[in-house]
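Here the structure is laid out as structure tokens; the discussion comes afterwards.
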């Protein structure tokens, strides 16, 4: 899911500390924030936008396209269902540690209603020079600069590192999509790769993956069909088996989800796989010829 | 979080699945006492690992004396790296048929998956490889759940005879166990039909979703806490994500992906990381205790600190790091790479208070740490 400047954004949990801080950043960057939610403060203004009790009320009040959730883990299911049933086109779910069965529930509901979910456990999405949703250092021009490289990442911090290296190499980003570090997420690596491949102004895609699951292997199937170059990095080659490395999704069980399996699948699909993030600029130059 | 067999079976029993009579013993005497109450028993090692029978951890005992002898042999045994500390003493069951049943979180279908097989008692991976036609899979829409009628349809025509109804009951209840207790996986292998027509869970594996533990506090107490090293336990108590590794180069970074990558890059340059330690997300204010913890590891010869701020502010993390360094005055070489939210302030603080300039890239910092550790 790529966020656009025309998208009307509803911030759920807008009055909290993080909700307030990042809403102000989103507004300053150009994100079209049209309202927020907090059942206890409905009818007031916060960050200069109206606060509603629910997403349903907000849909009737101002209308919105995308809900960004600053909501604690055990309350996300209800908030996400509220947004989906209200008719949200997209949801950005930033929260980490949501029970997996809750995630399955609202992901299934979103699929049925045709709503696109980014996350859970994502740092959000950025369209440089246009808008962003989530928590990203968008004002830092050494990290985000409008350009032609589409970036997708399971990790927020590592995504930032790649954006930094991409800008340092003289490129910029067409869009950044943080898909999240949970084992079950609404937008998969493959979904994000397809979206960036089709996003106007994108000349190459940088895919930042991790050990665990089979998403990079599925994305490799799509990469085979692409004409745009894809450069990838898989984090966790040095991680031991059977241990959760911070992200719930980053765990190698038996021979599933291994670094070797992902690297082999991507290389067979013609993707350049990096040994270290610092090599991304050189790899893009080699693939793009400039 | 894993539940050993003795902790998992009561979860099945709560929702009406039959399990054998039994009791938990920590000594041979306790084992004999339980056997005296029950009659002919099975003595089963309690460790969070499969293939206990092949390792000699499961024995039949016809008398209390035999139960005592087996318990004596099994307690203290090593199975798959775990020392056996207790044994489950259970009544022997007259087995007619062995079946397999499980419900798990399936990333491929993004929902629960019910698995059933008439080839029970063996590894399900083996069944999938050798007799895939005997493995029946049913992805579930979690909003609808998996009803008794769904269970009936799934087991129909599989030659279960008179037991079919009870097997379907058990399968539907197993889904209820999965849903009620935030399971990531609940597996009965084998699920048996006895010669007198009962359907009983002879073994059970239960893994709770770690993110579900907060709302399952009563039940979660029965789970087996992860085996932690001294440093890992200290880190957990302080709310930090720390994993001990074999090497000698300390790693501190923010965010799981960046931390894993720092480990990868250390290895890429010929070094061996000593740990995984990340202070991303809400824990970015914990840099000081995190670094103090790291520095208490005597194996560490050099240190890479790699910050890349998005949500986590590098100035706040750097402040914590400086405080820890000022307090502990460590003598080992430390190499920094600092980028992202708050980096200008962070770099200025490092220069002013420690006289240190971060290196241009994480590769440079990692390479320098690897060389310093030699």
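Chains as they are written, first to last, in my numbering: chain P, 3 to 292; chain U, 51 to 424. Built from N, CA and C at the ideal position, the CB exists for glycine as well.
Span of the alpha helix (DSSP H), counted from its first residue to its last, around residue i
i             : result
residue 30/P  : 19 to 31
residue 200/U : 198 to 205
residue 1/P   : There is simply no residue 1/P to check, as chain P begins at 3 and stops at 292 in what is shown.
residue 289/P : 282 to 290
residue 299/U : No alpha helix (DSSP H) holds residue 299/U; the beta strand (DSSP E) holding it covers 299 to 303.
residue 224/U : 214 to 230
Beta strand (DSSP E) segment containing residue i, residue limits
i             : result
residue 176/P : 175 to 180
residue 147/U : 145 to 156
residue 209/P : 206 to 212
residue 199/P : Per DSSP, residue 199/P belongs to no beta strand (DSSP E); it is in the alpha helix (DSSP H), 191 to 199.
residue 150/P : 148 to 155
residue 385/U : 384 to 390
residue 273/P : Here residue 273/P belongs to no beta strand (DSSP E), and DSSP marks it neither H nor E.
residue 109/P : That residue, residue 109/P, is in no beta strand (DSSP E); its alpha helix (DSSP H) goes 102 to 115.
residue 241/U : 233 to 244
residue 350/U : Element bounds for residue 350/U: n/a, residue is neither H nor E.
residue 92/P  : 92 to 95
Sub-8 angstroms separation of residue i and residue j beta-carbons
i             : j             : result
residue 308/U : residue 358/U : yes
residue 217/P : residue 190/P : yes
residue 96/P  : residue 137/P : yes
residue 106/P : residue 186/P : yes
residue 329/U : residue 290/U : yes
residue 59/U  : residue 254/U : yes
residue 39/P  : residue 14/P  : yes
residue 163/P : residue 389/U : yes
residue 107/U : residue 124/U : yes
residue 163/U : residue 217/U : no
residue 32/P  : residue 72/P  : no
residue 152/P : residue 177/P : yes
residue 363/U : residue 392/U : yes
residue 200/U : residue 232/U : no
residue 293/U : residue 352/U : no
residue 127/P : residue 16/P  : no
residue 188/U : residue 111/P : no
residue 311/U : residue 237/P : yes
residue 259/P : residue 234/P : no
residue 285/P : residue 276/P : yes
residue 140/U : residue 70/U  : yes
residue 198/U : residue 222/U : yes
residue 167/U : residue 153/U : no
residue 224/U : residue 236/U : yes
residue 174/P : residue 147/P : yes
residue 342/U : residue 244/U : no
residue 230/P : residue 193/P : no
residue 118/P : residue 92/P  : yes
residue 180/P : residue 124/P : yes
residue 121/U : residue 97/U  : no
residue 416/U : residue 354/U : yes
Backbone secondary structure at residue i - three-state DSSP
i             : result
residue 369/U : helix
residue 161/P : helix
residue 455/U : Because residue 455/U is not part of the residues shown, which for chain U are 51 to 424, the question remains open.
residue 6/P   : coil
residue 186/P : coil
residue 59/P  : helix
residue 408/U : coil
residue 43/P  : helix
residue 276/U : coil
residue 48/P  : strand
residue 396/U : helix
residue 294/U : strand
residue 169/U : coil
residue 144/P : coil
residue 138/P : coil
residue 167/P : helix
residue 245/P : coil
residue 69/P  : strand
Along the region 310 to 340 of chain U, what residues have a CB closer than 8 angstroms to any CB found in chain P?
310, 311, 313, 314, 315, 316, 317, 318, 323, 326, 328, 330, 331
Cβ-based contacts, 8 angstroms cut-off: residues of the region 137 to 157 of chain P near chain U
137, 138, 139, 142, 144, 145, 155, 156, 157
Would you mind listing the alpha helix (DSSP H) stretches within the region 67 to 140 of chain U that are 4+ residues and don't spill past its ends, in chain order?
78 to 88, 114 to 124
Report the residue ranges of all beta strand (DSSP E) runs contained in full by the region 313 to 338 of chain U; include only those spanning at least 3 residues, in chain order.
325 to 328
Report the residues of the region 255 to 277 of chain U with a CB closer than 8 angstroms to any CB of chain P, ordered along the chain.
259, 260, 261, 262, 264, 265
Short of 9 angstroms Cβ to Cβ, which residues in the region 233 to 248 of chain U face chain P?
233, 234
Under 7 angstroms (Cβ pairs) to chain U, residues found in the region 110 to 125 of chain P:
110, 111, 125
Selection of the region 286 to 310 of chain U by Cβ proximity to chain P, strictly under 8 angstroms:
291, 293, 295, 303, 304, 305, 306, 307, 308, 309, 310
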